[in-house]
Amino acid sequence: MIDILQVLVLGLALGGVYALMASGLTLIFGVMRIVNLAHPIMILTGAFVSYWLFTLYGIDPILSMPVAALVLFVIGLVLYKLVFAREAASAKYSEMTVLLTFALAMSFDGLLGALFSNTQRVTTPSYGTQAIFLGDLFIPTAQLYAGIASFVIIGGLMLFLRYTRFGYAIRATTQNRAAAQLMGVNVEFVSLVTFGIGLALAGAAGSLVSFIFSFFPAKHWEWIAILMSLVVLGGMGKLMGTIVAALLLSVIAAFVGTYAGSTWSTMTFFLALFVMLLVRPQGLFGDRIEEA
Amino acid sequence: MPELLEVSDVVAGYGRGPAILNGISLTVRPGQVQCIIGPNGAGKSTLMKAIAGLLPVRSGEIRFGGERIDGLRPDQILRKGICFVPQERALFPKMTVRENLRMGGYTLRDEALLERRTEAVLEQFPILRERAHQHAGTMSGGQQQMLAMARTLIVEPQIVMLDEPSLGLAPQIVQQMFEIMHMLRNRGMTILLVEQNAIAGLKHSDWGTVLDLGRTLFEGPAPEVLVDPRIQELYLGRSAAAAA
Ligand SMILES: Nc1ncnc2c1ncn2[C@@H]1O[C@H](COP(=O)(O)OP(=O)(O)OP(=O)(O)O)[C@@H](O)[C@H]1O
Ligand SMILES: [Mg+2]
Numbered sequence: 001m002i003d004i005l006q007v008l009v010l011g012l013a014l015g016g017v018y019a020l021m022a023s024g025l026t027l028i029f030g031v032m033r034i035v036n037l038a039h040p041i042m043i044l045t046g047a048f049v050s051y052w053l054f055t056l057y058g059i060d061p062i063l064s065m066p067v068a069a070l071v072l073f074v075i076g077l078v079l080y081k082l083v084f085a086r087e088a089a090s091a092k093y094s095e096m097t098v099l100l101t102f103a104l105a106m107s108f109d110g111l112l113g114a115l116f117s118n119t120q121r122v123t124t125p126s127y128g129t130q131a132i133f134l135g136d137l138f139i140p141t142a143q144l145y146a147g148i149a150s151f152v153i154i155g156g157l158m159l160f161l162r163y164t165r166f167g168y169a170i171r172a173t174t175q176n177r178a179a180a181q182l183m184g185v186n187v188e189f190v191s192l193v194t195f196g197i198g199l200a201l202a203g204a205a206g207s208l209v210s211f212i213f214s215f216f217p218a219k220h221w222e223w224i225a226i227l228m229s230l231v232v233l234g235g236m237g238k239l240m241g242t243i244v245a246a247l248l249l250s251v252i253a254a255f256v257g258t259y260a261g262s263t264w265s266t267m268t269f270f271l272a273l274f275v276m277l278l279v280r281p282q283g284l285f286g287d288r289i290e291e292a
Numbered sequence: 001m002p003e004l005l006e007v008s009d010v011v012a013g014y015g016r017g018p019a020i021l022n023g024i025s026l027t028v029r030p031g032q033v034q035c036i037i038g039p040n041g042a043g044k045s046t047l048m049k050a051i052a053g054l055l056p057v058r059s060g061e062i063r064f065g066g067e068r069i070d071g072l073r074p075d076q077i078l079r080k081g082i083c084f085v086p087q088e089r090a091l092f093p094k095m096t097v098r099e100n101l102r103m104g105g106y107t108l109r110d111e112a113l114l115e116r117r118t119e120a121v122l123e124q125f126p127i128l129r130e131r132a133h134q135h136a137g138t139m140s141g142g143q144q145q146m147l148a149m150a151r152t153l154i155v156e157p158q159i160v161m162l163d164e165p166s167l168g169l170a171p172q173i174v175q176q177m178f179e180i181m182h183m184l185r186n187r188g189m190t191i192l193l194v195e196q197n198a199i200a201g202l203k204h205s206d207w208g209t210v211l212d213l214g215r216t217l218f219e220g221p222a223p224e225v226l227v228d229p230r231i232q233e234l235y236l237g238r239s240a241a242a243a244a
């Protein structure tokens with residue numbers, strides 16, 4: 001019994017981090033129909049920001065989250081202006097953005113590799129090696145903190161989307177871009193800022209990733225498939241769906257990892273994706289396949 | 001009467017495609033219901049999209065209250081006071097009725113005013129009040145059209161453009177829809193209406209403008225346009241040709 005609870009809690013904590021990693025991706029897809037293959041490398045960029053702030057100045061990675069988020073927000077604004085804004089009018093927009101984001105992923109991978117080399121790194125705050133015991137429950141502190149931080153950020157994001165004026169604009173643009181324009185939303189501006197917010201979320205996730213996983217620039221290739229599977233399972237661009245998919249799959253993966261071995265645990269994501277595409281291609285929460 | 005909206009020699013089309021509007025001109029006078037009719041593909045919806053700023057104007061100009069508005073973005077044109085309810089109704093399917101109404105007031109920066117007007121609309125349309133927390137996408141076609149039209153009350157624009165509001169609605173719902181349209185007009189809004197059903201449209205309008213092939217064919221007071229023999233020719237001639 002305690003084993004099951006243990007695996008469940010760890011699965012949820014990690015699921016929270018995955019949900020945060022995928023939330024920016026799904027937000028960007030929802031508003032702009034951009035499949036951002038560069039999202040995972042942006043997460044790693046955030047991880048490097050926190051890693052260096054910790055290594056050079058001893059700043060706790062959880063405290064440096066806002067810095068990583070801000071750096072990535074600015075990178076997002078610049079990239080959107082330079083790369084995507086001019087493509088918005090193109091008829092082959094969706095196809096173009098896949099190529100562009102792939103090129104971006106390659107470039108940032110190369111850049112980070114050249115700057116920091118592909119050695120394994122991990123940020124090592126004091127709680128990185130500690131654990132909390134709740135009765136018989138054993139929870140590594142780092143994962144617990146990372147999970148809690150993720151849930152706080154996601155909760156904030158959902159409140160922001162639900163209740164603020166800009167949140168209304170983002171949701172409206174996601175659901176019906178032309179209608180949003182007719183209600184007075186400047187959708188190009190919303191796209192720009194949303195791209196920034198999406199990358200800021202990646203940056204924040206990166207800070208957490210930096211102390212729960214060991215990382216190196218090329219690691220982002222592993223994550224692309226996992227994050228994409230979460231976005232597809234969640235119903236393409238549906239934030240709630242993506243979050244539920246992340247939690248669900250993480251918990252399942254944790255059980256699979258515990259009882260069947262860790263090789264199988266990553267497989268969970270792809271297997272779930274495969275089954276979902278066969279059975280319910282619109283995802284858990286999608287109601288129809290939207291044309292891009 | 002002074003002109004509220006003036007479209008002069010406008011040429012417009014989609015992307016790099018051919019021109020759909022071929023030098024169209026038309027004026028809209030304040031306080032009227034002006035009905036635009038014409039056969040399928042005449043460019044009625046295209047004209048409305050061009051006025052709303054959803055489609056770039058290639059040449060010619062559009063003036064609103066004397067000021068050029070062609071080249072402005074849709075959100076800027078809405079802020080000037082022109083509200084467009086397209087054929088697809090422009091609702092947000094996964095937002096509740098209440099949220100849709102609030103989205104209608106997106107340009108109002110005064111939260112108290114937005115809340116007051118949202119309440120006033122819900123007061124006026126009990127069906128919407130009843131369904132305030134239902135997702136717009138799950139309502140019937142008539143209710144969706146009612147929501148789309150009621151939503152324009154929140155911004156209180158000077159002109160409301162309605163593209164085929166009766167599309168797909170049962171006859172008694174169509175009647176109700178025309179009543180809402182007159183209510184908007186009685187609130188001081190000028191209505192530009194596109195109707196597939198020319199007779200019903202003209203009967204509920206003050207002025208009629210007939211479009212074909214991206215131009216204004218002729219116009220006049222609605223009762224006169226209604227009995228104009230050229231109308232018969234335009235519609236019957238087409239269907240006779242199609243049947244042949
Ligand atoms: N999105 C689009 N892209 C390309 N061409 C379009 C588009 N929408 C309309 N057209 C073309 O523009 C022409 C005029 O269409 P429009 O929708 O303005 O006609 P309409 O008068 O509103 O007709 P209806 O009574 O059928 O609604 C048609 O030939 C149509 O094929
Ligand atoms: Mg039309």
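Chains H and D are the protein sequences, given in the same order.
Sequential numbering from 1 applies to the first sequence in full-length UniProt numbering.
Sequential numbering from 1 applies to the second sequence in full-length UniProt numbering.
Cβ coordinates follow ideal geometry from the N, Cα and C atoms, glycine included.
Values in this document were obtained by computation on a predicted structure and should not be read as measured data.
For D:E195, the number of other beta carbons within 10 angstroms of its own is at least 16, and it is reported as buried. Chain-order list of chain H residues neighbouring D:F218: empty, with the shortest C-beta distance near 30 Å, by a criterion of under 8 Å. H:I153 places its beta carbon less than 7 Å from that of H:A204. In this structure, the C-beta of D:A42 approaches ligand 1 to less than 6 Å from one of its heavy atoms.
D:R58 is classed as exposed because its beta carbon has fewer than 16 other beta carbons within 10 Å across all chains shown. With the rule of 3 Cβ pairs closer than 8 Å, the stretch 174-190 of chain D counts as touching the stretch 23-35 of chain D. For H:I34, the secondary structure class from DSSP, reduced to helix, strand or coil, is coil. At a threshold of 6 Å, D:S166 does not count as near ligand 2, since its beta carbon sits no closer than that to any of the ligand's heavy atoms.
The beta-carbon separation of H:A246 and H:A38, rounded to 20 Å, does not stay under the 8 Å limit for a contact. In this structure, D:R117 lies near D:I154, with their beta-carbon atoms less than 7 Å apart. Chain D places a beta carbon closer than 7 Å to that of H:Q181, counting this residue as a contact. With respect to chain H, the C-beta atom of D:A136 has no partner C-beta closer than 7 Å. Exclusion of D:Y106 from the 6 Å shell around ligand 1 follows from its C-beta lying no nearer than that to any non-hydrogen atom of the ligand. For H:A245, no CB of chain D lies under 7 Å from its own CB, so it is not counted at the interface with that chain.
Closest option to D:G65, judged by alpha-carbon separation, among D:V10, D:G105, D:T190 and D:A50: D:T190.
Linking D:P56 to H:S214 through their CA atoms gives a straight-line distance of about 52 Å. In terms of Cβ geometry, H:V7 and H:A254 form a close pair [threshold 7 Å]. DSSP, reduced to helix, strand and coil, places D:P221 within a strand of the structure shown. The closest heavy atom of ligand 2 lies less than 6 Å from the beta carbon of D:S45. Here D:E115 carries a helix assignment [DSSP, helix/strand/coil]. With distances taken between CA atoms, H:L233 lies nearest to H:L271 out of H:L271, H:H220 and H:V190.
Residue burial annotation: H:R165 is exposed, with fewer than 16 other C-beta atoms found within 10 angstroms of its C-beta.
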